Amino acid sequence: MAAKKVELMDLRQLLSLKQQGISNRNCEEHTGLHRNTINHYVKLFRATGESYQRLLDLDDQALRDMFPPRSPVDQGRYSDLAQRFSYFEQELKKPGCTREQLWRQYILENPSGYSYSQFNEHFARWRNKLKGSGKLIHKAGDKLYVDYTGKNLYITDKQTGEQQSVEVFVALLPASHYTFVEASKSQQKEDFIQSVNHAMSYFGGAPKALVTDNLKSAVSKGSKYEPILNKSLKALGLHYNTTINPTRTYAPQDKALVEGAVRLIYQHIFYPLNNQVFFDLHSLNQAINPLLKRFNELVMKLLQTSRVKQYLEIEKALLTPLPGSPYELKEFRKAKVQKMGYVYLHQNRNYYSVPFRYIGQQVEIQYDSNQVEIYYKQERIASHKLNYRPGAYTTNKEHLSSSHKFYQQWSPDFFLNLASQKGPHLKAYIEKILAQADYPEVAYKQCLGILHMNKDYAPERIENACRLAFGQSRHSYRIIKNMLANKIDLLNTHPQPDPLISKHENIRGAAIYN
């Protein structure tokens, strides 16, 4: 507040200079007033919404009433206004509330109170003391700031005594200053999202926007104006029906409030834990919880209320209700559909089917701990239960082409059933092939080859070839194929001629002559 009293003539001279478009710096040379005093009155002029000429047209009394001397202050009137500042501050956090509405309410209760311009001046000065810059007005339920403290806490290995640093996650509702603190293993995506889940549960609702720092766990590519979010964080925003809004790079004012909270956390949480030893994250967070509760219950001197009270009175009801379950981290991978109609997921080294028409196409795999979803050009084309068995093929039979469906039916019973329809010797030979094979797939192909020979050979010839080859030590598709190609099966199909002399009990055999 300027010490010098500004005379009415000086005020009119300043209005005249500003009406001519003279800058504040040049007005200082013309009037002899300090530049801070000039800046102060120019702000008051603008706050009225009137033109400089209109203000000059006012008579002396009207001008004096509108811009009374800055000193001395009417202590009684000022005290009456000042005791309302905390209330005004809370009301401004409610959607739709303006300073003009508050002033009208104030003037109805105090007809001799300050004019609107003076009301704004005193209130702005009080808020500057409260917030330092006084730039940001935070609406209840609008934002949630999240960040990590610059300093770490520690857990100790029971066996070696070695200390391991852990990160400390902080979330803050700026309208009420209500704060959540949690120790976590790292700032990696999995830990970050788990901490966000815990914060949402702690606050009992979600804000309209989640304001993050440009963390690697949240942002794929930083930008001052439009950072690129990783897909996992976008999915988190959709789950909680909130917008993800990273702070601008090189713009610390965007997160000044949470950084101020971090300094208080050092005092109220870090310092009391200074001489304690923790062996795991759970016990560390158990120790943080009562300190955090006490911190949120502390009465803030300027606002004369606590964080938790503000949260309950002005913010909790304006948060969006939470979904039925916390967000589960989704991973995103690109893949090409293989010739057999499967995509390979490297996470568990296994395969998942997609409709065969997408063979050769590039797709996106989205998966969590339960479900695998496959998308082609943002359209979901397949969904499977996550299979944890390495090398497994997870198949939806509707995805397969007719040839693939036939392949899926292969089994010993399948081939024996087909063979039994063609002849007993063929079935017996197929059974031998299945029994001797080290790998079922090798036997299946040989069985299928023999069964498909009916395209080139009569069923009787195949049946006879299997009969002739049955007693051999080795059984295979190639043996039957060679017999048929060389017509060996035909050499053994002619009936044996009857002997010239019929058998009789009186005829001696060849053995008698030995």
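In the numbering used here, the protein residues as written are 6 to 519. For glycine and all other residues, C-beta sits at the position ideal for the given N, C-alpha and C. Note that the structure is a prediction, hence the values are computed from the model and not measured.
Around the beta carbon of asparagine 355, a 10 Å sphere encloses 16 or more other beta carbons of the protein chains shown; the residue is thus reported as buried.
Put simply, the segment 16-26 does not touch the segment 94-114. Fewer than three CB pairs are less than 8 Å apart. Beta-bridge partners of glutamate 336 (DSSP): Tyr372.
The Cβ atoms of alanine 204 and lysine 335 do not sit closer than 8 Å to each other.
Distances from the CA of tyrosine 393 to each of Leu350, Ala424, Ile370 and Ser28 were compared; the closest alpha carbon is that of Leu350.
Its chain contains Lys432 as the residues whose beta carbon lies nearer than 7 Å to that of serine 425, once the 5 sequence neighbours on both sides are disregarded; these appear in chain order. Per DSSP, tyrosine 46 lies in no beta strand (DSSP E) segment; the continuous alpha helix (DSSP H) that holds it begins and ends at 40-53. Membership of valine 201 in the alpha helix (DSSP H) is indicated by the continuous run 194-208. In chain order, Phe300 place their CB closer than 8 Å to the CB of leucine 269, counting only its own chain and leaving out the 5 sequence neighbours on each side. Ranked by Cα distance from leucine 113, the first of Leu86, Pro395, Val377 and Ser311 is Leu86. In the three-state DSSP reduction, lysine 98 falls in the coil class, being neither helix nor strand. Contact annotation: the segment 107-122 does not touch the segment 277-296, with fewer than three C-beta pairs closer than 8 Å.
Nearest C-alpha to phenylalanine 208 among Lys163, Leu324, Gly118 and Tyr119: Leu324. Counting C-beta pairs with one atom in each stretch, the segment 174-194 and the segment 142-153 have three or more that are closer than 8 Å, which means they touch. In this structure, Tyr46 is the residue among Tyr46, Gln169 and Arg40 with its C-alpha nearest to the C-alpha of serine 122. Pairing glutamate 187 with asparagine 279, the inter-Cα distance amounts to about 16 Å.
Cβ atoms of glutamine 315 and tyrosine 183 come within 8 Å of each other, at about 7 Å. Here leucine 13 is exposed. Its C-beta has fewer than 16 other C-beta atoms within 10 Å.
Check the Cα spacing between arginine 104 and each of Gly118, Phe124, Asn115 and Ser91: the tightest is with Phe124.
Of the candidates Pro212, Cys32 and Asn401, Asn401 places its Cα closest to the Cα of alanine 387. Glutamine 343 and phenylalanine 361 have their alpha carbons spaced roughly 9 Å apart. In the displayed model, lysine 390 falls within a strand according to three-state DSSP.
DSSP places lysine 344 outside both helix and strand once states are collapsed to three, so it counts as coil. Between the alpha carbons of glutamate 264 and glutamine 58 lies a gap of roughly 45 Å.
In this structure, the straight-line span from the alpha carbon of leucine 489 to that of proline 417 is close to 24 Å.
For the pair glutamate 167 and serine 191, the CB atoms are not nearer than the 8 Å cut-off. Between leucine 296 and histidine 273, the C-beta gap is smaller than 8 Å, which places the two residues in contact. Comparing alpha carbon positions, the residue from Tyr372, Leu391, Pro212 and Tyr380 closest to glutamine 366 is Tyr380.
Per DSSP, arginine 354 has no beta-bridge partner at all.
Membership of threonine 36 in any beta strand (DSSP E) is not indicated; the residue belongs instead to the alpha helix (DSSP H) covering 29-36.
Shown here, serine 120 sits in coil according to DSSP, grouped into three states, outside any helix or strand.
Rounded to the nearest angstrom, the Cβ distance from tyrosine 332 to isoleucine 198 is 7 Å, consistent with a contact under 8 Å. Non-local beta-carbon contacts of leucine 391 in its own chain, meaning distances under 8 Å to residues more than five positions away in sequence, involve Asn353, Tyr372, Asp373, Ser374, Asn375, Gln376 and Val377 in chain order. In the assembly as shown, serine 170 is an exposed residue. Its beta-carbon has fewer than 16 other beta-carbons within 10 Å. Beta-bridge partners of alanine 211 (DSSP): Thr325.
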